[in-house]
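Structure record follows, encoded as structure tokens.
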Amino acid sequence: MAKQRVLTGITTTGTPHLGNYVGAIRPSIAASRSDSVESFFFLADYHALIKAQDPELVRRSSKEIAATWLALGLDTDRALFYRQSDIPEITQLTWVLCCNAAKGLMNRAHAYKAAVQANEEAGEDPDFAVTMGLFSYPVLMAADILMFNAQRIPVGRDQIQHVEMARDIGQRFNHNFAEVFVLPEAEVSDDVAVLQGLDGRKMSKSYNNTIPLFSGEKQLRKAINKIKTNLLEPGEPKDPDDSTVFQIWAAFADDAETARMRAEFENGIAWGEAKKQLFELINAEIGEARERYNELMDDPAHIESVLRKGAERAREYSVPLMAKVREAVGIGAIC
Ligand code: TRP
-10 MAKQRVLTGI
0 TTTGTPHLGN
10 YVGAIRPSIA
20 ASRSDSVESF
30 FFLADYHALI
40 KAQDPELVRR
50 SSKEIAATWL
60 ALGLDTDRAL
70 FYRQSDIPEI
80 TQLTWVLCCN
90 AAKGLMNRAH
100 AYKAAVQANE
110 EAGEDPDFAV
120 TMGLFSYPVL
130 MAADILMFNA
140 QRIPVGRDQI
150 QHVEMARDIG
160 QRFNHNFAEV
170 FVLPEAEVSD
180 DVAVLQGLDG
190 RKMSKSYNNT
200 IPLFSGEKQL
210 RKAINKIKTN
220 LLEPGEPKDP
230 DDSTVFQIWA
240 AFADDAETAR
250 MRAEFENGIA
260 WGEAKKQLFE
270 LINAEIGEAR
280 ERYNELMDDP
290 AHIESVLRKG
300 AERAREYSVP
310 LMAKVREAVG
320 IGAIC
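The letter at position 3 of the sequence shown is residue -8 when you use this note's numbering, and the numbering goes up by one with no holes.
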């Protein structure tokens, strides 16, 4: 059977946190070990420019995210691991796809609609501070996906619409010109946890409630101590299903350890004790990777060389694909 192509991008606007690890990085690296898939993972640094106007932040985030995937054991001889901006064909394809994407379709994109709604509520012009980057974001993402003829796109729920748009745009191109693109499907896994953050909402850099993945041991302990709990005293039974501490525990522990902690909650474990055990559990899982992460962060030239090699491999796909696209639409060489 032909291998399935799995592709996903990570926007380079922040420092990886436990939610990214549990929800995306850990399952992606695990899946990339399967012989039946060919994985494409990339730093979506052009996407970062939509949200971030701070070059140092984007640069630092690219380095941190790359170091994180490598530290956690991504095998870059197997998986293709590259930086979006190293693949010039992606922006070239973006333009061609722009010419095949209905503006009306883009008007319906959640991110754009949310910006317009916020403006309207604030009494501003509907398009106040909306850039063409934000508006065309789904087209750039379609180019990322269609470029590599990826079939499966593991994403969070908020990204399903974008994958469907990529499908739409690809379909329209195929219909107008030639069968160039494979049509992708979003893959949202039910067995992967959406981690809660310090305040109990979804852990997300936009809520400022994250626990960084590779801060030092002390900082990890401190962050865990900040997880919101209630005022129940030691000895009073606690509801595990209403607790962020327990929810994060379950994302790291095996079934037996999860059952044990559930019983401890019911027996009234003290919050301090539960948090101490949570720290130990997480630290045991990521401690070695943290050391590798720190070594990698001190050796950016190594990270850079891995990314360049990844880009070289990725361009073995993108250069011929883009040649096909040019040929299909009638640009480039005339004979
Ligand atoms: N937009 C995605 C996000 O913010 C990141 C992304 C960019 C992506 N290009 C992609 C995800 C292609 C999957 C496939 O999460």
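Glycine included, each C-beta is placed from N, C-alpha and C at the ideal position.
Top-ranked residue by Cα proximity to residue i, from the options
i              : options                           : result
serine 74      : Gly3, Thr83, Asn198 and Val105    : Thr83
alanine 317    : Lys207, His164, Asp180 and Glu222 : His164
glycine 8      : Pro115, Ser193 and Gly122         : Ser193
glycine 224    : Ala239, Asp243 and Phe254         : Phe254
glutamate 269  : Ile320, Asp288, Ala132 and Lys207 : Lys207
alanine 132    : Gln140, Gln81, Arg72 and Leu63    : Gln81
glycine 12     : Cys87, Phe30, Leu123 and Ser178   : Ser178
alanine 33     : Ala107, Ala90 and Pro127          : Pro127
tryptophan 238 : Val144, Gly257 and Asn272         : Asn272
glycine 319    : His36, Gln42 and Val85            : Val85
valine -5      : Tyr10, Ser23 and Ala98            : Ser23
glutamate 280  : Arg304, Asp228 and Leu202         : Leu202
threonine 120  : Pro143, Gln42 and Ile76           : Gln42
proline 143    : Ser21, Gly321 and Lys298          : Ser21
aspartate 231  : Asp243, Arg251 and Glu246         : Arg251
cysteine 88    : Gly(-2), Phe162 and Gln106        : Phe162
alanine 14     : Arg49, Phe31 and Trp58            : Reading the sequence as shown, one finds isoleucine at residue 14 and not alanine. Nearest of Arg49, Phe31 and Trp58 to isoleucine 14, Cα basis: Trp58.
aspartate 188  : Ala182, Val181, Thr218 and Gly205 : Thr218
Status (buried if at least 16 other CB within 10 Å, exposed otherwise) for residue i
i              : result
asparagine 198 : buried
alanine 60     : buried
lysine 264     : buried
histidine 151  : buried
proline 44     : exposed
valine 308     : exposed
isoleucine 323 : exposed
serine 51      : buried
tyrosine 71    : buried
tyrosine 196   : exposed
glycine -2     : buried
histidine 99   : exposed
glutamine 37   : For clarity, residue 37 is alanine in the given sequence; the question names glutamine instead. Flag for alanine 37 reads buried.
glutamine 266  : buried
glycine 257    : exposed
Contact test: residue i Cβ vs the ligand TRP heavy atom, cutoff 6 Å
i              : result
isoleucine 79  : no
valine 144     : yes
isoleucine 134 : yes
histidine 6    : no
glutamine 140  : no
methionine 130 : yes
glycine -2     : yes
alanine 107    : no
glutamine 42   : no
glutamine 208  : no
alanine 259    : no
alanine 100    : no
alanine 303    : no
glutamine 236  : no
glutamine 148  : yes
alanine 33     : yes
histidine 164  : no
histidine 36   : yes
Pair within 7 Å by beta-carbon distance, residue i and residue j
i                 : j              : result
isoleucine 149    : alanine 175    : yes
isoleucine 54     : threonine 1    : yes
proline 173       : arginine 190   : no
phenylalanine 170 : leucine 221    : no
histidine 6       : isoleucine 213 : no
alanine 118       : methionine 286 : no
leucine 46        : isoleucine 18  : no
phenylalanine 124 : methionine 95  : yes
threonine 65      : valine 295     : yes
serine 28         : alanine 68     : yes
phenylalanine 235 : proline 229    : yes
phenylalanine 241 : glutamate 262  : no
glutamate 78      : methionine 311 : yes
glutamine 140     : glutamine -7   : yes
Identified DSSP bridge partners for residue i
i                : result
glutamine 81     : Beta-bridge pairing links glutamine 81 to no other residue.
valine -5        : Ser28 and Arg141
histidine 6      : Pro201
alanine 175      : Ile142
lysine 191       : Gln185
phenylalanine 70 : Phe30
threonine 0      : Ala33
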